[in-house]
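The structure appears below as structure tokens.
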Amino acid sequence: MFSQELWLENERKCAVVRKSKPGRKRQELLAIAFGVKVHTFRGPHWCEYCANFMWGLIAQGVRCSDCGLNVHKQCSKHVPNDCQPDLKRIKKVYCCDLTTLVKAHNTQRPMVVDICIREIEARGLKSEGIYRVSGFTEHIEDVKMAFDRDGEKADISANIYPDINIITGALKLYFRDLPIPVITYDTYSKFIEAAKISNADERLEAVHEVLMLLPPAHYETLRYLMIHLKKVTMNEKDNLMNAENLGIVFGPTLMRPPEDSTLTTLHDMRYQKLIVQILIENEDVLF
């Protein structure tokens with residue numbers, strides 16, 4: 078989507094509007110351009126192309142409407158048209174758009190998800206309170222840094238991190254740090270509405286229909302995670318974690334409302350939990 082030619086075309090479009098409505102702000106003009114939109118990021122944000130800080134309080138960079146890649150305006154000129162950045166330019170694993178990371182690594186799912194789940198299934202399925210019990214924050218941050226630094230070569234074995242809760246914490250942090258949640262902002266309200274349906278069969282059908290709207294990388298990541306969480310519930314006798322408990326943990330981790338509203342978040346929590354619970358209990362039917 079990003080290219081120098083596209084950016085120049087966008088500038089030409091904005092120049093026309095600028096003449097007709099001279100009082101409009103530059104970021105508002107650029108926001109109407111196809112594909113590339115100026116974006117105001119909440120909190121500190123780094124360019125996913127050059128890994129340098131995005132300065133400013135508003136309109137710090139641009140976001141690709143197709144893949145969600147967040148970059149400086151100048152960096153957007155160097156990203157290939159197909160929204161598949163050069164792997165060498167992807168400086169991070171965490172906080173990077175899910176689709177962008179998958180395309181860059183040419184994988185079905187983010188490798189951090191695969192690696193963490195393999196480690197958890199190898200030594201943590203019977204651990205009491207798995208995913209509910211938290212590991213030390215500083216150690217979880219160490220795992221995050223290891224993935225950002227070493228990628229798929231990151232060592233998260235028991236020799237380095239004997240507490241499996243550190244690995245589960247790192248996996249949950251990866252999902253929380255996604256700029257676009259696994260259950261995307263575009264589908265959030267549709268999932269919430271599906272959860273409100275009282276008839277169980279109709280509710281399941283509605284959930285399945287919304288699942289089909291997820292981007293491929295998001296769908297595949299969610300599918301793989303639900304298969305894993307189903308395995309966790311199969312060891313409930315030992316780990317004391319059923320689908321409802323996991324729904325409480327993963328509901329707000331996998332889905333967030335588009336608007337930053339505490340009231341909306343609190344109101345939707347039970348539906349977030351229910352959606353994840355349904356996905357786990359019916360993963361063989363829904364995916």
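When the letters of the sequence shown are read in order and numbered with the numbering used here, they come out as residues 78 to 364.
Here a beta-carbon is modelled for each residue, glycine too, at the ideal position from N, C-alpha and C.
A quick note: this is a predicted structure, and the numbers were derived from the prediction, not measured.
If we ignore side chains and look at the alpha-carbon of each, how far apart do Asn322 and Gln354 end up?
8 Å
Grouping DSSP H, G and I as helix and E and B as strand, with all else coil, what is Glu360?
helix
Taking the Cβ atom as the reference point for each residue, do Glu205 and Leu351 lie within a distance shorter than 7 Å?
no
Within 10 angstroms of its Cβ, does His344 collect 16 or more other Cβ (buried), or is it exposed?
exposed
Is it the case that the Cβ atoms of Val220 and Val189 are separated by a distance below 7 Å?
no
7 Å CB neighbourhood of Asn312 in its chain, flanking five on each side removed:
Leu202, Lys203
With a threshold of 6 Å (Cβ to nearest heavy atom), would Phe364 be considered close to the ligand PLP?
Of ligands this structure carries none, so the ligand PLP is not represented either.
Is the segment 286–302 in contact with the segment 257–268, if contact means three or more CB pairs nearer than 8 Å?
yes
Glu215, DSSP secondary structure in three states
helix
To the nearest angstrom, how far is it from the Cα of Tyr238 to the Cα of Ile244?
8 Å
What is the rounded straight-line gap between the Cα of Arg200 and the Cα of Pro293?
29 Å
Got a sec, what are the start and stop residues for the beta strand (DSSP E) Cys141 sits in?
138–141
With a 10 Å radius around its C-beta and 16 neighbouring C-beta atoms as the bar for buried, classify Asp174 as buried or exposed.
buried
Identify whether Lys314 lies in helix, strand or coil by the three-state DSSP scheme.
helix
In the DSSP output, which residue or residues are listed as bridge partners for Pro148?
Pro is not the amino acid found at residue 148; the sequence shown has Val there. In the DSSP output, where bridge partners are listed per residue, Val148 has Val139.
Return the CA-CA distance between Lys230 and Met131, expressed in angstroms with no decimal places.
28 Å
Cut-off 7 Å between Cβ atoms - residues of its own chain near His295, not counting five sequence neighbours on either side
Leu175, Val259, Thr261
Please report the straight-line C-alpha distance between Tyr251 and Val148, rounded to a whole angstrom.
20 Å
Distance between Arg253 and Leu331 (C-alpha atoms, nearest Å):
7 Å
Applying the 10 Å Cβ sphere with the 16-neighbour rule, what's the burial state of Leu356?
buried
DSSP bridge partner residues for Ile260 (one or two, in chain order)
Met332
Please determine, among Asn129, Trp123, Pro329, Val115, the residue with the shortest C-alpha to C-alpha distance to Cys377.
Coverage of the chain is limited to positions 78 through 364, which leaves residue 377 absent and any answer about it impossible.
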